[in-house]
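Asks:
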Amino acid sequence: MSSAAFDVQAWLQEEVNHLGVPDASDSSLAAHLLAKDPLADLRNQFEYPKNATLPDVDQSLVDPSADSIYLCGNSLGLMPKATRRIMNEQLDKWAQVGVFGHLSQPVPWAHGDECAVDGVAKLVGADPVEVTLMNGLTVNIHILLTAFYTPTAQRHKILLESRAFPSDHYAIESQIRLKGFDPATSMVCMSPREGEETLRTEDIVKYIEEEGDSIAVVFFSGIQYFTGQLFDMETITRAGQAKDCFVGWDLAHAFANVPLKLHEWNVDFACWCSYKYGCTGAGGLAGAFVHERFKDDKRERMLGWWSHKMSTRFNMDNVLDLDEGAAGYRISNPPVHLVVPVIGFLETVKGVEMEDLRRRSYKLTGYLEYLIDHFFGASSSARVSNKISCQSITPKEIDQRGCQLSLKFNVSIDRIYKELVKRGVAVDKRYPYIIRVAPVHLYNSFIDIRRFVDVLIESVRIVEKEL
Ligand SMILES: *Cc1c(COP(=O)(O)O)cnc(C)c1O
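Here this note's numbering is used: position 373 in the sequence shown is 359, and no number is missing along the way.
1) Using a Cβ-based criterion (distance less than 6 Å to any ligand heavy atom), does residue 280 qualify as near ligand 1?
2) Identify every run of the alpha helix (DSSP H) within the region 0 to 62, keeping only runs that are complete inside it and at least 4 residues long; order them along the chain.
3) Determine the extent of the alpha helix (DSSP H) in which residue 322 is found, giving its start and end residues.
4) Please determine, among 382, 354 and 372, the residue with the shortest C-alpha to C-alpha distance to residue 435.
5) What residue from 260, 53 and 447 has the CA that sits closest to residue 324's CA?
6) Using the three-state DSSP reduction, which class does residue 116 fall into: helix, strand or coil?
7) When you compare only the Cα positions, how much space is there between residue 343 and residue 428?
8) Going by DSSP in three states, residue 166 sits in which element: helix, strand or coil?
9) Taking the alpha helix (DSSP H) that residue 108 belongs to, which residues open and close that run?
10) Could you confirm whether any beta carbon from chain B is found closer than 7 Å to the beta carbon of residue 355?
11) Could you check which residue in 378, 231, 217 and 303 has the C-alpha nearest to that of residue 134?
12) In angstroms with no decimal places, state the Cα-to-Cα distance between residue 89 and residue 99.
13) Can you grab the Cα-Cα spacing for the pair residue 37 / residue 209, in whole Å?
14) Between residue 273 and residue 258, is the Cβ-Cβ spacing less than 7 Å?
15) Could you check what DSSP says for residue -13 in three-state terms: helix, strand or coil?
16) Within the same chain, show all residues whose beta-carbon is closer than 7 Å to that of residue 177, passing over the 5 residues directly before and after it, in chain order.
17) Throw me the rounded Cβ distance for the residue 278 and residue 444 pair, which I believe falls under 8 Å.
18) Between which two residues does the alpha helix (DSSP H) carrying residue 173 extend?
19) Does DSSP classify residue 445 as helix, strand or coil?
20) Would you kindly check if the distance between the Cβ of residue 48 and the Cβ of residue 461 is under 7 Å?
21) Is it buried or exposed for residue 309, if we count other Cβ within 10 angstroms and need 16 for buried?
22) Any heavy atom of ligand 1 closer than 6 Å to the Cβ of residue 4?
23) Note the first and the last residue of the continuous alpha helix (DSSP H) segment covering residue 402.
24) Could you tell me if the beta carbon of residue 17 falls within a distance shorter than 6 Å of some heavy atom in ligand 1?
25) For the alpha helix (DSSP H) holding residue 70, just list the boundary residues, first then last.
26) So if DSSP puts residue 273 in a beta bridge, which residue, or which two residues, is it bridged to?
27) Would you kindly report the start and end of the unbroken beta strand (DSSP E) that includes residue 206?
28) Which residues in the same chain have their Cβ closer than 7 Å to the Cβ of residue 368, if we skip the five residues on either side of it in sequence?
29) Pick from 424, 392 and 437: whose alpha carbon is nearest that of residue 184?
30) Closest to residue 190 by CA distance: which of 168, 64 and 146 is it?
31) Is the distance from the Cβ of residue 454 to the Cβ of residue 102 below 7 Å?
32) Mark residue 451 as exposed unless 16 or more other C-beta atoms lie within 10 angstroms of its C-beta, in which case mark it buried.
33) Between the C-alpha atoms of residue 416 and residue 212, what's the straight-line distance to the nearest angstrom?
34) I need the boundaries of the alpha helix (DSSP H) containing residue 519, first residue and last residue.
35) With a Cβ-Cβ cutoff of 7 Å, do residue 276 and residue 255 count as a contact?
36) According to the neighbour-count rule (16 or more other Cβ atoms, all chains shown, within 10 Å of its Cβ), is residue 405 buried or exposed?
What follows is the structure, encoded as structure tokens:
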């Protein structure tokens, strides 16, 4: 990956000088950064939850009519306002024309997924023939591994991360068993070095160089859900392919979070869910990428009527005419109620470049990291507590992370988390020590970050007294 094109420290220092405050911990900085933020208005395109409507908020501690502090878009993205309107149009259409809706505008249901393919392909850096929208993420892992994982006695292993998301781990275990192999000998889970939280690219590449002849598929996540580490997909893909392995990526935490260039990186296959940064709602329509090199490849796979080319699909002659590229991996007809939120999201981000969102993301996450180090760093002179500290386990290098920081506390987060929730904070907890915080470039603001840090200071002070 190219070295980072943005210097967070220099940018913060410049803003501090501009405002004439002592340092970036000054509470007036957030409003200053907001005023200069060219993409701040994007937030208004989303439904942003208020304190009054979040569960478990103690309304006596907050202003109920104020925005909550929603930093959990890594788990479930917020709803684009456009989605409700487009969904209502489709419900009205169903009510009015029934089965004729399959072919009538807008969004003819029989082509629903295809209406969103161009926009999604752009987000992942792919040609439309390389992308399809279908199913859920784990289902797509199964579909792609069914086709690309064809183990032999010599080459039967799948290489993945030791802390892969459970669903990926189970999918791979079962794929290995389904093909008559044993996860104990065919599943290789790579751990970080002793005392380190994240994997080093050099270690992954070295392992592939040494063991690649026995590896059928390398399957990592683009961004590690727990640590927030962004892998060097281009380098790892090249290393795997040099040893004749297929290289696939789970982009659950990378899709719409960081710019992707799947085609250019020559990735073999990839899949993602869309409800995290893609803001399509719980269980939203997932995606899959199969490189153009496999466009006319007829490898065995799981088939259904939607794998058949549209032009002859309805001849119903039971002679398969396989669709081109990723579209030939479809099985069922597309679920319009899941297609609509993808369209709603694409409409919301239309005209905004992923590169500009990424630049905003560097700033939001960089600001959060600065404040965390300043107020909670174990060696910071400004630390708010002598007993409670935390530090980010996410890589410091901005080209090795997305928007999320995973904060590791030196005490159980149980009580701190409860105090945060009471004050209108939505973040993700991983007991016993980790809170994952995701300032999302689409709808979070510098003010959200400052408010979060202020509430964390208050919560830590309360919990400290109990220790
Ligand atoms: C969120 C996530 C999933 C969820 O899988 P679903 O099939 O959408 O339920 C799977 N894998 C990873 C890496 C994830 O981050």
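Backbone N, C-alpha and C define an ideal beta-carbon position, used for all residues, glycine too.
Replies: Taking the structure as given:
1) Translated into positions along the sequence shown, residue 280 becomes position 294. Because no heavy atom of ligand 1 lies under 6 Å away, the Cβ of residue 280 does not count as near it: no.
2) 15 to 21
3) Locating residue 322 in the sequence shown gives position 336, where the first residue counts as 1. Note, residue 322: alpha helix (DSSP H), 322 to 335.
4) Taking the first residue of the sequence shown as 1, we reach residue 435 at position 449. If we check each option's Cα against that of residue 435, 354 comes out closest.
5) Here the question's residue 324 lines up with position 338 in the sequence shown. Of the listed residues, the one whose Cα sits closest to residue 324 is 260.
6) Working through the sequence shown from its first residue, we reach residue 116 at position 130. Helix at residue 116.
7) Residue 343 sits at position 357 when you count from the first residue of the sequence shown. Residue 428 sits at position 442 when you count from the first residue of the sequence shown. So the two alpha carbons sit approximately 7 Å from each other.
8) As a first step, residue 166 must be located in the sequence shown, where it is residue number 180. Correct three-state label for residue 166: coil.
9) Taking the sequence shown and counting its residues from 1, one reaches residue 108 at position 122. It spans 98 to 110 - the alpha helix (DSSP H) in which residue 108 sits, taken as one unbroken run.
10) You won't find chain B in this structure, because it holds only one protein chain.
11) The residue you call residue 134 lines up with position 148 of the sequence shown. Looking at the Cα atoms, 231 is the closest of the given residues.
12) In the sequence shown, the residue the question calls residue 89 occupies position 103. In the sequence shown, the residue the question calls residue 99 occupies position 113. Approximately 13 Å, taken between the alpha carbons.
13) Translated into the one-based positions of the sequence shown, residue 37 becomes position 51. Translated into the one-based positions of the sequence shown, residue 209 becomes position 223. Near 30 Å, if we compare the C-alpha coordinates of residue 209 and residue 37.
14) Walking along the sequence shown from the start, residue 273 turns up at place 287. Walking along the sequence shown from the start, residue 258 turns up at place 272. Yes, the pair counts as a contact, with Cβ atoms nearer than the cut-off.
15) If you number the sequence shown from 1, residue -13 lands on position 1. Only weak support exists for where residue -13 lies, its pLDDT of 44 falling under 50; the value from the coordinates is given anyway. In this structure, residue -13 counts as coil in the three-state DSSP scheme.
16) In the sequence shown, counting from the first residue as 1, residue 177 sits at position 191. Closer than 7 Å at Cβ, skipping near neighbours: 148.
17) Locating residue 278 in the sequence shown gives position 292, counting from the first residue. Locating residue 444 in the sequence shown gives position 458, counting from the first residue. About 53 Å; that fails the 8 Å criterion.
18) What you label residue 173 is simply residue 187 of the sequence shown in a count that begins at 1. Premise fails: residue 173 lies in the beta strand (DSSP E), 173 to 176, not in any alpha helix (DSSP H).
19) Locating residue 445 in the sequence shown gives position 459, counting from the first residue. Correct three-state label for residue 445: helix.
20) Lying outside -13 to 453, the shown extent of the chain, residue 461 is not represented and no answer is given.
21) For the purposes of this step, residue 309 is identified with residue 323 of the sequence shown, where counting begins at 1. The residue in question, residue 309, is buried, as its Cβ has 16 or more Cβ neighbours within 10 Å.
22) Position 18 of the sequence shown, counted from the first residue, corresponds to residue 4. False, no ligand heavy atom lies under 6 Å from that Cβ.
23) As a first step, residue 402 is located in the sequence shown; it is residue number 416 there, counting from the start. That run of the alpha helix (DSSP H) goes 400 to 408.
24) One-based indexing of the sequence shown puts residue 17 at position 31. Outside the cutoff, so no.
25) In the sequence shown, the residue the question calls residue 70 occupies position 84. Residue 70 -> alpha helix (DSSP H) spans 67 to 83.
26) One-based indexing of the sequence shown puts residue 273 at position 287. The partner list for residue 273 (beta bridge, DSSP) reads 119 and 258.
27) Translated into the one-based positions of the sequence shown, residue 206 becomes position 220. Note, residue 206: beta strand (DSSP E), 201 to 207.
28) Counting from one through the sequence shown, the residue named residue 368 turns up at place 382. Contacts found: 11, 360 and 361.
29) As a first step, residue 184 must be located in the sequence shown, where it is residue number 198. Closest option to residue 184, Cα to Cα, is 392.
30) Along the sequence shown, read from residue 1 onward, the residue named residue 190 stands at position 204. Nearest C-alpha to residue 190: 146.
31) Shown here, the chain extends from -13 to 453; a query on residue 454 therefore has no answer.
32) Against the sequence shown, residue 451 aligns to sequence position 465. With fewer than 16 Cβ atoms within 10 Å of its Cβ, residue 451 is classed as exposed.
33) Start at 1 with the first residue of the sequence shown, and residue 416 comes out as number 430. Start at 1 with the first residue of the sequence shown, and residue 212 comes out as number 226. Their Cα atoms are separated by approximately 8 Å.
34) Outside the displayed span of the chain (-13 to 453) sits residue 519, for which this structure offers no information.
35) Working through the sequence shown from its first residue, we reach residue 276 at position 290. Working through the sequence shown from its first residue, we reach residue 255 at position 269. Yes. Within cutoff.
36) Taking the first residue of the sequence shown as position 1, residue 405 is located at position 419. Buried: at least 16 other Cβ atoms inside 10 Å.
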